[in-house]
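In short: position in the sequence shown from 1, add 882, done, that's my numbering.
Reviewing the structure listed below.
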Amino acid sequence: TGSSKGIGKATAIEFAKIGGYKVVINYLTDRENAEKLSSYLKQEYKIETLVIKADVSNEEQVKNMIQEIIDKFGKIDVLVNNAGIAIDKEFEDRTVEDWKRTLEVNTIGTFLVSKYASENMMKNKNGKIINVSSTNGINTFFPSSIDYDASKAAIINLTYNLAIQFAPYINVNTVAPGWVNTEMNKELPEDLIKEETGLEIDFWDERLTTVAAERSLIEGDVSRKKRKKVIDMLAAVIILQGYLDRQRNF
883 TGSSKGIGKA TAIEFAKIGG YKVVINYLTD RENAEKLSSY LKQEYKIETL
933 VIKADVSNEE QVKNMIQEII DKFGKIDVLV NNAGIAIDKE FEDRTVEDWK
983 RTLEVNTIGT FLVSKYASEN MMKNKNGKII NVSSTNGINT FFPSSIDYDA
1033 SKAAIINLTY NLAIQFAPYI NVNTVAPGWV NTEMNKELPE DLIKEETGLE
1083 IDFWDERLTT VAAERSLIEG DVSRKKRKKV IDMLAAVIIL QGYLDRQRNF
């Protein structure tokens, strides 16, 4: 989910590179980039894709998305729950509505897509769910992201529960990336970006996420530190998927 840009887009490219996968590109607002990604994957990797607009926090839209995928491809093998938002405000300015929207997308969205995708996986007695949490869900240092941090911590707990619920047929795991320079983080204060990355704002480079999987396009002007964070995160998702394929019955 949330695969028109950022981590989701880079992950979609990596799965396309592996081969053997049909890739679903879910988006909510950025149709243009979703379609561009679809065209790129078809042309570069000769795979089938499906572009679907759906708000993961809306149950009916999620149900319709899952049904459309099954109608098109017959089954769902792997779900990467990546869609998420962060509303950047100071603690004293944060509202109940901010909290509700963050939890609806990040946590309830992960639950809803897992719930309806798992029905097909359980029917086939095979499936993998990978939830994208965050190091903010483990350690938190910025009260200005209190609702985001709580939502990501909840995803970790949700993962444990889903793993128990769906065993032994569906493997459910989570990855918790650290700082990644994605579109979602672009509005953060420059001093915070520098503190997190060790880089001046001039080093911001969207290539790290929009085409992160194409390592040849990550050029030398991007620091090794930034490059390593993105590649390590993608590697975690892909290696985890490969490991689970080999350990299907554990």
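Where a beta carbon is used, it is the ideal one built from N, C-alpha and C, also for glycine.
So, residue i versus residue j, is the Cβ gap smaller than 8 Å?
i	j	result
Ala1045	Gly1019	no
Ile1003	Ile1052	The sequence shown places Met at residue 1003, not Ile. For Met1003 and Ile1052, yes; Cβs fall inside 8 Å.
Buried or exposed: residue i, going by 16 or more other Cβ atoms within 10 Å of its Cβ?
i	result
Ala999	buried
Glu972	exposed
Glu1082	Caution is warranted here: a pLDDT of 42 is assigned to Glu1082, below 50, making its placement in the model unreliable, and no coordinate value can be reported.
Lys887	buried
Thr911	exposed
Thr989	buried
Gly966	buried
Gly890	buried
Ser1016	buried
Lys1034	buried
Val960	buried
Helix, strand or coil for residue i per DSSP?
i	result
Lys1010	strand
Asn988	helix
Asn1002	helix
Val962	strand
Asn1021	coil
Ile934	strand
Over what stretch of residues does the alpha helix (DSSP H) that includes residue i continue unbroken?
i	result
Val944	941 to 955
Tyr903	Here Tyr903 belongs to no alpha helix (DSSP H), and DSSP marks it neither H nor E.
Lys918	913 to 927
Lys971	Careful: Lys971 lies outside any alpha helix (DSSP H) and carries neither H nor E.
Ile1038	1028 to 1048
Where do the N-terminal and C-terminal ends of the beta strand (DSSP E) with residue i fall, by residue?
i	result
Ile1052	1052 to 1057
Could you check whether the stretch 920 to 934 touches the stretch 890 to 904, counting it as contact only if at least three pairs of C-beta atoms, one from each stretch, sit closer than 8 Å? yes
Would you call the stretch 1007 to 1014 and the stretch 931 to 943 touching, i.e. three or more CB-CB distances under 8 Å? no
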